[in-house]
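Quick mapping for you: the protein sequence lines, in order, are chains A and B. Residues 454 to 1307 (my numbering) are what the first sequence spells out, left to right. Residues 6 to 247 (my numbering) are what the second sequence spells out, left to right. Note that beta-carbon positions come from the ideal geometry of N, C-alpha and C, so glycine has one too. All values derive from a computational prediction rather than experimental measurement.
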Amino acid sequence: MLRIAWSTLRVRWPSFAGTFVALALGAALTAALGQVLVSSVSSPGRAPQRYAAVPVVVAPDERMAVRSRLGESTAPLAEPRGLAAGLVARLPGAVVDRVFPARLAGGPPAVGRPWSAARTAPQPLVAGRAPAADSEIVVTGGARVGARARVVTAAGARAYRVVGLAAPGPQPTVFFTDERAARLSPRIDALALWRPVAEVRAVLGEAAATGAATEGTGWSGTPPDTAPAGGASHAAANGPVRDGGAGGPVVSERVRVLTGAERALLDPFHEADEEARDNASTIAGIAAGFAAFVAVFVVSSTFAFAVGQRRREFALLRTLGATARQIRRMVYGEALLVAVTAAALGALTGPLATGPILRLLASLGMAPAWLRPATGAAPALVAFGAGVLVAVLGVALAARRAGRVRPAEALREAAVEPRVMTPGRWLAGGGLLAAAVGSMLVNAVTDPAGATNNKTFMPVVMLLIAGVGLLAPVFVGPAARLLAVPLGRARGAGGLVVTAGAMASTRRTAATAAPVLVTVALAATLLGGAALTDATKAAMRTAPVRADHLVLPTGAAGLDRQLVERLRAVPGAEVTTTTRTSLYTLEGEGTQLIRRPAEAVDPAGLTTVLSIPVSAGSLAGLRDDTIAVSPTWELGLGERVRLWRADGSPVALTVVALLGADAPADSYVTPAHAGAALPSAAYVTPRPGAPAAGLGEALERAAEGHNARAVTRAAWATEVADGGASAGRLGALAVLAIMLGYTVIAMVNTLLMAAPDRAGEHGALRLLGATRPQLLRYVVGEALLVVAVGVLLSAVATALGLLGLYAALLQLSGPVPFDVPWEPVAGVIVLCGVLAVAAVVVPATRVRAAAIPR
Amino acid sequence: MKPPHVVDLISVTRHYAHGVTALDDVSIGFGAGTFTAVMGPSGSGKSTLLQCAAGLDRPSAGRVVVDGRDLAELGDRRLTLLRRDRIGFVFQSFNLLPSLTAAQNVALPLRLAGRRPDARQVRQSLAAVGLAERAGHRPAEMSGGQQQRVAIARALITRPAVLFADEPTGALDAGTSREVLRLLRDLVDGQAQTVVMVTHDPVAASYADRVVFLADGRIYGELRDPSAEEIATRMLHLEASC
Chain A
454 MLRIAWSTLR VRWPSFAGTF VALALGAALT AALGQVLVSS VSSPGRAPQR
504 YAAVPVVVAP DERMAVRSRL GESTAPLAEP RGLAAGLVAR LPGAVVDRVF
554 PARLAGGPPA VGRPWSAART APQPLVAGRA PAADSEIVVT GGARVGARAR
604 VVTAAGARAY RVVGLAAPGP QPTVFFTDER AARLSPRIDA LALWRPVAEV
654 RAVLGEAAAT GAATEGTGWS GTPPDTAPAG GASHAAANGP VRDGGAGGPV
704 VSERVRVLTG AERALLDPFH EADEEARDNA STIAGIAAGF AAFVAVFVVS
754 STFAFAVGQR RREFALLRTL GATARQIRRM VYGEALLVAV TAAALGALTG
804 PLATGPILRL LASLGMAPAW LRPATGAAPA LVAFGAGVLV AVLGVALAAR
854 RAGRVRPAEA LREAAVEPRV MTPGRWLAGG GLLAAAVGSM LVNAVTDPAG
904 ATNNKTFMPV VMLLIAGVGL LAPVFVGPAA RLLAVPLGRA RGAGGLVVTA
954 GAMASTRRTA ATAAPVLVTV ALAATLLGGA ALTDATKAAM RTAPVRADHL
1004 VLPTGAAGLD RQLVERLRAV PGAEVTTTTR TSLYTLEGEG TQLIRRPAEA
1054 VDPAGLTTVL SIPVSAGSLA GLRDDTIAVS PTWELGLGER VRLWRADGSP
1104 VALTVVALLG ADAPADSYVT PAHAGAALPS AAYVTPRPGA PAAGLGEALE
1154 RAAEGHNARA VTRAAWATEV ADGGASAGRL GALAVLAIML GYTVIAMVNT
1204 LLMAAPDRAG EHGALRLLGA TRPQLLRYVV GEALLVVAVG VLLSAVATAL
1254 GLLGLYAALL QLSGPVPFDV PWEPVAGVIV LCGVLAVAAV VVPATRVRAA
1304 AIPR
Chain B
6 MKPPHVVDLI SVTRHYAHGV TALDDVSIGF GAGTFTAVMG PSGSGKSTLL
56 QCAAGLDRPS AGRVVVDGRD LAELGDRRLT LLRRDRIGFV FQSFNLLPSL
106 TAAQNVALPL RLAGRRPDAR QVRQSLAAVG LAERAGHRPA EMSGGQQQRV
156 AIARALITRP AVLFADEPTG ALDAGTSREV LRLLRDLVDG QAQTVVMVTH
206 DPVAASYADR VVFLADGRIY GELRDPSAEE IATRMLHLEA SC
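Set out below in structure tokens:
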């Protein structure tokens, strides 16, 4: 039978080329995205930058450890604690490094550091000289030597003289004299040492004996068991080392000695890098999942179509004495022949696209540019195996169908297809649809916040599309009739020929409409979903704000203290600041230390400038010993909860309010728990009785030169709503860009596969006197009708998907107006239409009047 | 003594959906080494008769016995095997696989049976239909008459007990039709092959030993060794009476 399969393959090559292309591309796409995924996970991080020129760096171990019921639970600290000052004396020759927010007014986000730490990267002077006085600085850019520049630090803005220009390091930096830097930021962030590491460790060992510091064994090591049961690691004897008396800063009692590649852990973008890496792998994972889904969808529908095209051939073989088993084996044989070669080709060539895809993602800001393409063979092997498996699974149904072809069919000129909707197909399609709708309902009711998560939403979208795709033949007839109404009004045979053609072969129409369905539904659902989610998130952020004016920092550094004072000094202004901080709780029945985001707000302003939805209790009760939490904390009113602040200091607070599900924050505390963090926003309302006019201008004047801006609530709300391109939307776009290429090819593929079948029919039309332009019109009309059917089907899938999402979001934020991204969706539809027309017109122009149908 | 029947239809009735009765209680036998033509107007049930007799279609009622086996007792697989080994079939539209050469087409039933085709046997079969030198050609490279002769060679390769032919000359011109009919006649005379042929062409039917007339799913008599004129006259009566 393999021989027959091989011979058939040579003649039936358009069909096989179609499945070959679909499978090879599917395998290639899966292999490429798999390789992207592996790259994003395994790519080595960037080499050390800030401390590239220092052999040994001593840094605080910025983790907090808490004794939990299951041993110790640790979490990275949100707010660094710094090194004990005593260490400096024990390590002579060490360069004391401090890193703190300091930025030229109007300049790019930057950090401030002491000048002696310029050696660590190194960042040598390229012009001018080193700073020698308190009022002198060296910058890496943004100001000329000799110029006066305002520098904004946590304390406020102050003018300095730029005396030198240093080489650009890993990030824009303002260098102060060491003394000035120590005053601006007393915290010691690192000690840079040009000494053998063993010596450093020996010194630290002594320091540990005196209680000044203990050395942890790095990120992965087991920290010494210093924590008293159930308390924070710095709670008791070995507890917080307070530098210079009770009022001094909390410092870390554990240090790490970093050498070699480990020094990169201290780089400014290290955390951001890891986050970017995580983002990239999430997107690659989602894209790979979609690629596999689309490949299964396209490959199985092309196989089903290719087998359907050859019913007569199978019937003939049956009359010649082929058993059903033999037919099935033949179909499997062909599928394997195609699958093995196509999957191998795809798996081999796919990984070549890894580099370009990484670059595409990097250019969209979805992946860090430093990711290097991995070279392992695993994704290719997986793609190959999956490709063959998909082909075999895809052909299983088709083979069963082929085996059921009755021999007598060869003798009938069967123009009418057998029933397309088998009970199995009804069951599968209905089941998938029901599962999709069901899970959407369950999500919307039980976990509205989770339903908007891409990881929850995307599988639902896949189920919806697959379900509608399976049920497509049911809708082809009605949809074609509906769309044909305007066509039928037209004079001539056109309308009749076009609709009759589309409806006579439901299977072909459904198979061709399937890629259109996937393409358009994916585009509309993902983009619409992202727009809807963005709109809801924006509404959740803006809705509770009642203040007329906001003052926001232009960077990540926050509002400096001087600015806040200036704002408070504006006549008639009632100012409330909010500060983003973190709280740590022991969750999972006291086993897991969890970091939760929190907002620190002045309780007086909390109820006037903001209207936070509360489901129980009242925010009016918020004091330094109370807290308002979201329902996800699973706490009751009046319950006392043990917490740790961002710097690791323990505190116990009583729950006074439970926030509504649509609250913009996870918890609210008073500024007493915010530590040294700077406010992320200031809300300003006119004092009762004070004139509102001129307040905006006064705020703008106050914010000038402080890297902050004053906006009205209305302007801010518009800004947030238009902020648009969220990570979710960009991710959806990246996934789409990759998918569209595939589904569009699949659509052209199916149309080209169908072309030989139609050649006879078209020849007959020509014989009946249809002119060439008439024929082309029919062909184009039919192609557009098929695309329209696909669009109609995708509208059903999209409407269902977005309705489900809307139902979930409704509970988070109430009704939210959102812009359907019509333009990209319309673009996708037009693209489908143009390609479909091209794919049918090219073969149809070859039909000659002389081509008598066989 | 009367030779035993190779194919026997006993009270065969075949209904289709929508109340169409293609065969209505038909009983007929085909003796070994005989050449029977089944004639009738369009829709008379002659193709259904052939398909039921060949095991391609199952009767709604009645029995079909081929080569001593009752088809009703055979499952799909056994029926397929019987068809493969004991029944040959020739179609109006030749139905050669376009991707295979003449020799490969002829050998196909043997391959389907899992037997290694004997090259000499294939050559002889092709020689028997006068196409020894066309073995390596594909269907598209041959005339209609040649294609039909390849189809006949294919049908005979398994040495079937009976050869069914459904309008074998329907797609051929007069000259090539004659070649094909001559070939069938020679098979009956020279090798005692049993042939049952459905046709609506009186000239084609005149090559048969016996012509059976069918109308409305019933048998309306038969003629022995008739001339084409006799058959044509009978057909005219039949069509007028319908």
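* Less than 8 Å separating the beta-carbons of V557 (chain A) and V627 (chain A)? -> With the sequence shown as reference, residue 557 (chain A) is identified as Leu, and Val is not the correct amino acid for it. With contacts defined by Cβ atoms closer than 8 Å, L557 (chain A) and V627 (chain A) form a contacting pair.
* Asked: Does P114 (chain B) come within less than 8 Å of chain A when only Cβ atoms are used?
  -> For P114 (chain B), the answer is yes, since a Cβ of chain A falls inside 8 Å of its Cβ.
* **Cα-Cα separation between T26 (chain B) and E1276 (chain A), rounded to whole angstroms** => 59 Å
* What separation, rounded to the nearest whole angstrom, lies between the Cα atoms of V1294 (chain A) and P467 (chain A)? -> Approximately 16 Å, taken between the alpha carbons.
* To do: Within the region 785-873 of chain A, note down every full alpha helix (DSSP H) run reaching 4 residues or more, in order along the chain.
  => Segments of the alpha helix (DSSP H) lying fully in the region 785-873 of chain A: 807-816 and 831-856.
* Short check: CB of A984 (chain A) to CB of P1274 (chain A), under 8 Å? -> A984 (chain A) places its beta carbon less than 8 Å from that of P1274 (chain A).
* **Interface partners of T776 (chain A) on chain B, CB under 9 Å** => D81, R82, T85, L86, R89 and L117
* Asked: With distances taken from CA atoms, which of B:D230, B:F218 and B:S232 is nearest E244 (chain B)?
  -> B:F218
* Which one of A:T1038, A:L885 and A:M1192 has the shortest CA to CA distance from L916 (chain A)? -> Looking only at A:T1038, A:L885 and A:M1192, the smallest Cα-Cα distance to L916 (chain A) is reached by A:L885.
* Asked: Is it right to say Y1309 (chain A) is buried, meaning 16 or more other beta carbons lie within 10 angstroms of its own, or is it exposed?
  -> Only positions 454 to 1307 of chain A appear in this structure, which leaves residue 1309 (chain A) out of reach.
* Asked: Name the DSSP bridge partner or partners of D75 (chain B)?
  -> B:V70
* Asked: Which residues in the same chain have their Cβ closer than 6 Å to the Cβ of V650 (chain A), if we skip the five residues on either side of it in sequence?
  -> V509 and T712
* Starting from the C-beta of A723 (chain A), find all residues in its chain whose C-beta is less than 7 Å away, skip the five residues before and the five after it, and write them out in chain order. => Checking the sequence, you will find His at residue 723 (chain A) rather than Ala. Excluding residues within five positions, the ones whose Cβ falls inside 7 Å are A717.
* Asked: Is P501 (chain A) buried or exposed, if buried means 16 or more other CB atoms sit within 10 Å of its CB?
  -> Counting the other Cβ atoms within 10 Å of the Cβ of P501 (chain A) gives 16 or more, which makes it buried.
* To do: Would you kindly report the start and end of the unbroken beta strand (DSSP E) that includes E724 (chain A)?
  => Element bounds for E724 (chain A): not the beta strand (DSSP E) but the alpha helix (DSSP H), H723 to Q762.
* Asked: So, helix, strand or coil for S139 (chain B), using DSSP?
  -> Rather than Ser, the amino acid found at residue 139 (chain B) in this sequence is Arg. R139 (chain B) falls in the helix class under three-state DSSP.
* If you draw a straight line from the C-alpha of P1139 (chain A) to the C-alpha of V1062 (chain A), how long is it? -> The alpha-carbon of P1139 (chain A) is positioned some 10 Å away from that of V1062 (chain A).
* Hey, out of B:P173, B:T106, B:R120 and B:S49, whose CA is closest to L86 (chain B)'s CA? -> B:R120
* Asked: Is it right to say I162 (chain B) is buried, meaning 16 or more other beta carbons lie within 10 angstroms of its own, or is it exposed?
  -> buried
* Taking 8 Å as the CB-CB cut-off, is F94 (chain B) touching chain A? -> With 8 Å as the cut-off, F94 (chain B) counts as an interface residue toward chain A.
* To do: Work out the CA separation of R543 (chain A) and G674 (chain A) for me, nearest whole Å.
  => Here G674 (chain A) scores only 33 on pLDDT, less than 50, and its place in the model should not be relied on; the value that follows carries that caveat. Going from the Cα of G674 (chain A) to the Cα of R543 (chain A) covers about 24 Å.
* **Amino acids of chain B, ordered along the chain, whose beta-carbon sits closer than 7 Å to that of Q779 (chain A)** => L117
* Asked: Based on the DSSP output, what are the partners of S1309 (chain A) in its beta bridges?
  -> As displayed, chain A neither begins before 454 nor continues past 1307, which places residue 1309 (chain A) out of reach and without an answer.
* Go ahead and label Q779 (chain A) buried or exposed: buried means 16 or more other beta carbons lie within 10 angstroms of its beta carbon, across all protein chains shown. => buried
* Whole-angstrom distance between P64 (chain B) and H20 (chain B), CA atom to CA atom -> 8 Å
* To do: Would you mind listing the alpha helix (DSSP H) stretches within the region 29-115 of chain B that are 4+ residues and don't spill past its ends, in chain order?
  => 51-58 and 81-91
* Asked: Should V969 (chain A) and V1244 (chain A) be called a contact, given that it needs their Cβ atoms to be closer than 8 Å?
  -> yes
* Please state whether DSSP places D13 (chain B) in a helix, a strand or coil. => Strand, per DSSP.
* Hey, could you find the ends of the beta strand (DSSP E) D550 (chain A) is sitting in? => V548 to D550
* To do: Within 10 angstroms of the Cβ of V1283 (chain A), are there 16 or more other Cβ atoms? Answer buried if so, exposed if not.
  => exposed
* Asked: Thinking C-alpha only, which one of A:T962, A:V1233, A:V1188 and A:A1170 is nearest G738 (chain A)?
  -> A:V1188
* Asked: How about A1289 (chain A) and L1193 (chain A): are their beta carbons less than 8 Å apart?
  -> no
* Name the DSSP beta bridge partners of Q1045 (chain A), please? -> Q1045 (chain A) pairs with A:E1040.
* To do: Mind reading off the beta-carbon distance from G60 (chain B) to V71 (chain B)? Whole number of angstroms is fine, and I expect it under 8 Å.
  => Indeed, because the Cβ distance is near 7 Å, the residues count as touching under 8 Å.
* To do: If I'm right that V858 (chain A) touches A475 (chain A) with Cβ under 8 Å, what's the distance once you round it to whole angstroms?
  => Their Cβ separation, rounded to whole angstroms, is 23 Å, which puts V858 (chain A) and A475 (chain A) out of contact at 8 Å.
* To do: Under 7 Å Cβ to Cβ from P575 (chain A), same chain only, skipping five residues before and after it: list those, please.
  => Excluding positions up to five away in sequence, the list reads A506.
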